[in-house]
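Same order as they appear, the protein sequences are chains R and G. If you're matching positions, the first sequence starts at 3 in the numbering used here and goes up one per residue. If you're matching positions, the second sequence starts at -19 in the numbering used here and goes up one per residue. We put the CB at the ideal spot given by N, CA and C, even for glycine.
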Amino acid sequence: MQNYFYFSDMFLITWIRTLGRYWLMLSRTFRKPENWNEYKKAFFRDLDHLGVDSLGIVAVISIFVGAVVTIQTNYNLQDPLIPDYYVALAVRESIILEFSPTIVSLILAGKVGSNIASTLGSMRVSEQIDALEVMGVNPHAYLIMPKVVALVLFNPILIIISMFLGVIGGYLAAYFGIFSTQDFITGLQLEFNAYYVSYALIKTVVFAFLITSISAFYGFFVKGGAIEVGVNATKAVVSSSVAIIVANYVLTQILLV
Amino acid sequence: MIEVRDIQKKFGDTTVLKGITTSFRQGVTSLIIGESGAGKTVFLKSLVGLHGIDQGEIFYDDRQLGKMNEDEQKALRTEMGMVFQGNALFDSLNIEENVIFALNMFSEMSAAEKKERADFCLERVNLKGVNNRKPAELSGGMKKRVAIARAIALNPKYLFCDEPNSGLDPRTAILIDNLLQEITHEFNITTVINTHDMNSVVEIGEHIIFIKDGAKAWEGGGEEILHTDNKAVTDFVFSSELFRKIREKS
């Protein structure tokens, strides 16, 4: 019993300490840049690297998941009393409310999160972060802020594209023989609530912040060598995914209930 | 001039630096020598403020490092150049961008002036025509020279080098050593170099500090080290047959 309390205390202390270091990192990240032009260059580099480069995977996944959701919903709503266009309505709500903002963000936590953590981790173990500090550059601000801002601004665009392509995927599934595309379009337009899109975009912005800041935290404080960089990249993906799932519940409770 | 007074540094329960007191003069190449794990890198990183110290004081021309606020520390750091053991060149930037990185951040120079400065620094370290190449495309010796060029780009008053010739062949190592000494004299810089290479001691050691188990065990000039009777120093310096023969002859 004594051992149990000892370990639970240690876990709590470690958790509080980690949270404290995360907040400290954030407080050092959002500071006035030494030179706006250099930060602007870093921002566009990260925008391209983390945002634009993710378009391909988001597009492929959105089209196919949109199609599969349509087929599965149609399969589960096979009832003479339910009109076919209700399938499209269900697909639209699934894509806007959950698939695009949450599932695509989880996929990005894997792609972008591991990229950020391993890049910063490699910079840490090869002393590039120390080199920045010795030069008088704030490494937190220069390396993390442009990434956070780039993804927070670009993630909503990615998610809107994902919503659009998810619906296109559903349309294609309907077109290739499930039911009439006319019913699909009717269903899409039925009882559309624009607030759902706002809700999805608010979630997206929060998720983008969590992905970039948590992954940067794990990368920035790597100690050791190549193995630790890999271990921390994995931790970054797991932690940001868990944070997204928890934040998803909290935001849904706040914004929809 | 850099003055160090009784500095101590602990990691957990282990005391890594045990009350080191010394000073580093302007225009002189100072070498910190000692076995691997003696505390040389921790000492150098404490000097530049990458590691906070637990006790003691560090003065940069009468400015106390520990009492500076964040902006003052940043200003001081623009007067520093550092060459890291693994070079620490930015992989994503080409050689010219690496050299002018600090200029981009802190100077008001035009693009043409920065290019001119980059060319000057690269020529000074005997590198030409590599401006657009990435660090990964260069040899170890070339990377080291780029790191030196980057360190001197902002005309530093203080230059720190951590094992600048580790992993280099003897000929390139001597070239790097001589280059560092030339730069120190030419620009009147306070230069502090960490090394465990005895060739460096003989080639460029004007002021040498020997660290053993985190404490200063000996301090003196380049000639003095060859004639000292300090057992810890002689065990370290003359551990190789070659240096024993040099001592016997001198």
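Fill in: chain R contacts made by the region 133 to 157 of chain G, where a contact means CB separation under 7 angstroms
Cβ contacts with chain R come from no residue of the region 133 to 157 of chain G.
Discussion item. Within 10 Å of its beta-carbon, does R:Gln191 have 16 or more other beta-carbons around it, so buried, or fewer, so exposed?
Written reply: The residue in question, R:Gln191, is exposed, as its Cβ has fewer than 16 Cβ neighbours within 10 Å.
Item to complete: Sort R:Asp132, R:Ile180, R:Phe181, R:Thr188 by Cα distance to G:Phe140 and report the nearest one.
Response: The residue from R:Asp132, R:Ile180, R:Phe181, R:Thr188 with its alpha-carbon nearest to that of G:Phe140 is R:Asp132.
Fill in: Straight-line gap, G:Glu203 to R:Arg126 (C-alpha atoms, nearest Å)
C-alpha separation (whole angstroms): 39 angstroms.
Worksheet entry | Distance, G:Gln65 Cα to G:Glu143 Cα | C-alpha separation (whole angstroms): 5 angstroms.
Worksheet item: Going along chain R, which residues have a C-beta under 8 angstroms from G:Asn84?
Response: What G:Asn84 touches in chain R: Asn37, Asn39, Glu40.
Item to complete: Anything in chain R within Cβ reach of G:Lys54, meaning under 9 angstroms, just list it in chain order.
Response: The contacting residues are Glu36, Gly138, Val139, Asn140.
Discussion item. Quick check on G:Gly201: buried or exposed, where buried means 16 or more other Cβ atoms within 10 Å of its Cβ?
Written reply: Under the 10 Å beta carbon count, G:Gly201 is surrounded by fewer than 16 other beta carbons and is classified as exposed.
Worksheet item: For G:Gln53, which residues of its own chain have a beta-carbon under 8 angstroms away from its beta-carbon, when the five flanking residues on both sides are left out?
Response: If the five residues before and after G:Gln53 are omitted, its C-beta is found closer than 8 angstroms to the C-beta atoms of Gly29, Leu45, all from its own chain and listed in chain order.
Practice prompt. Spell out the partners DSSP gives G:Met62 in its beta bridges.
Written response: DSSP lists G:Phe140 as the beta-bridge partner residues of G:Met62.
Fill in: First through last residue of the alpha helix (DSSP H) which encompasses G:Gln35
Where G:Gln35 is concerned, there is no enclosing alpha helix (DSSP H), although the beta strand (DSSP E) it sits in stretches over 35 to 40.
Discussion item. Quick check: R:Ala210 and R:Val154, are their CB atoms within less than 9 angstroms of each other?
Written reply: Result yes, Cβ atoms of R:Ala210 and R:Val154 sit closer than 9 angstroms.
Worksheet item: So, is R:Arg23 buried or exposed, given that buried needs 16 or more other C-beta atoms within 10 angstroms?
Response: Burial call: exposed.
Discussion item. How far does the alpha helix (DSSP H) with R:Ser64 in it extend, from its first residue to its last?
Written reply: Boundaries of the alpha helix (DSSP H) around R:Ser64: 57 to 78.
Practice prompt. For G:Arg57, return the contacting residues in chain R, with the cut-off set at a CB-CB distance below 8 angstroms.
Written response: In chain order: Glu135, Val136, Met137, Gly138.
Item to complete: May I have the straight-line CA-CA distance separating R:Tyr272 from R:Tyr144, to the nearest angstrom?
Response: With chain R covering only 3 through 259, there is no way to say anything about residue 272 of chain R.
Practice prompt. Find the residues of chain R that neighbour G:Ala91, judging by a C-beta separation of less than 7 angstroms, and give them in chain order.
Written response: What G:Ala91 touches in chain R: nothing, since even the nearest Cβ is about 11 angstroms away.
Worksheet item: For the alpha helix (DSSP H) that R:Gly287 lies in, which residues bound it at each end?
Response: With chain R covering 3 to 259 only, the question about residue 287 of chain R has no answer from this structure.
Worksheet item: Comparing alpha-carbon positions, which option in R:Val150, R:Phe101, R:Glu135, R:Glu36 lies nearest R:Ala218?
Response: Just measuring C-alpha positions, the residue of R:Val150, R:Phe101, R:Glu135, R:Glu36 sitting nearest R:Ala218 is R:Val150.
Worksheet entry | Spatially closest choice to G:Ala127 from G:Glu76, G:Ser87, G:Leu(-3), by CA coordinates | Minimum Cα distance to G:Ala127 is reached at G:Glu76.
Worksheet item: Where does the unbroken alpha helix (DSSP H) through G:Arg130 begin, and where does it stop?
Response: Counting along the chain, the alpha helix (DSSP H) containing G:Arg130 begins and ends at 120 to 132.
Worksheet entry | Beta-carbon spacing of R:Val89, R:Phe181 below 9 angstroms | Result yes, Cβ atoms of R:Val89 and R:Phe181 sit closer than 9 angstroms.
Discussion item. Assess contact between the region -17 to -4 of chain G and the region 35 to 44 of chain G, defined as three or more Cβ pairs (one per stretch) separated by less than 8 angstroms. Is contact present?
Written reply: Flag = yes, the region -17 to -4 of chain G and the region 35 to 44 of chain G touch.
Fill in: Where R:Thr104 sits in the DSSP three-state scheme
R:Thr104 falls in the helix class under three-state DSSP.
Discussion item. Using beta carbons (cut-off 9 angstroms, strictly below), is R:Ser128 in contact with chain G?
Written reply: Yes, because at least one Cβ of chain G sits closer than 9 angstroms to the Cβ of R:Ser128.
Worksheet item: Going by other Cβ atoms of all chains shown within 10 Å of its Cβ, with 16 needed for buried, is R:Leu14 buried or exposed?
Response: The residue in question, R:Leu14, is exposed, as its Cβ has fewer than 16 Cβ neighbours within 10 Å.
Worksheet item: Exposed or buried, G:His207, counting other C-beta atoms within 10 Å across all chains shown (16 or more means buried)?
Response: Exposed, since its Cβ has fewer than 16 Cβ neighbours within 10 Å.
Discussion item. For the region 4 to 35 of chain G, list every residue whose C-beta sits within 9 angstroms of some C-beta in chain R, in sequence order.
Written reply: Residues Lys25, Val28, Gly29, Leu30.
Worksheet item: Whose C-alpha, out of R:Thr254, R:Phe9, R:Gly226, is nearest the C-alpha of R:Ser124?
Response: With distances taken between Cα atoms, R:Ser124 lies closest to R:Gly226.
Item to complete: Verify whether the separation of the beta carbon atoms of G:Ile135 and G:Gly7 is less than 9 angstroms.
Response: Before going further, note that residue 135 of chain G is Asn rather than Ile in the sequence given. One thing to note: G:Asn135 has its Cβ no nearer than 9 angstroms to the Cβ of G:Gly7.
Fill in: Any chain G beta carbon closer than 9 angstroms to R:Ser243
Taking a beta-carbon distance threshold of 9 angstroms, R:Ser243 does not count as an interface residue toward chain G.
Worksheet entry | Boundaries of the beta strand (DSSP E) in which G:Glu(-9) is found, first to last residue | Reading the sequence as shown, one finds Phe at residue -9 of chain G and not Glu. Element bounds for G:Phe(-9): -18 to -9.
Fill in: Chain-ordered neighbours of R:Asp50 on chain G, where CB pairs are closer than 9 angstroms
Under the 9 angstroms cutoff, chain G gives no residues; its nearest Cβ is about 12 angstroms from R:Asp50.
Item to complete: Output, in sequence order along the chain, the residues in the region 163 to 180 of chain G whose CB is closer than 8 angstroms to any CB in chain R.
Response: Within the region 163 to 180 of chain G, no residue qualifies.
Worksheet item: R:Pro103 to G:Asn67, Cα distance in whole Å?
Response: Approximately 42 angstroms between the Cα atoms of the pair.
Discussion item. Using a Cβ-Cβ cutoff of 9 angstroms, what residues of the region 64 to 75 of chain G are near chain R? List them in chain order.
Written reply: Against chain R - using a Cβ distance shorter than 9 angstroms - the residues of the region 64 to 75 of chain G are Phe64, Gln65, Gly66, Asn67, Ala68, Leu69, Phe70, Asp71, Ser72.
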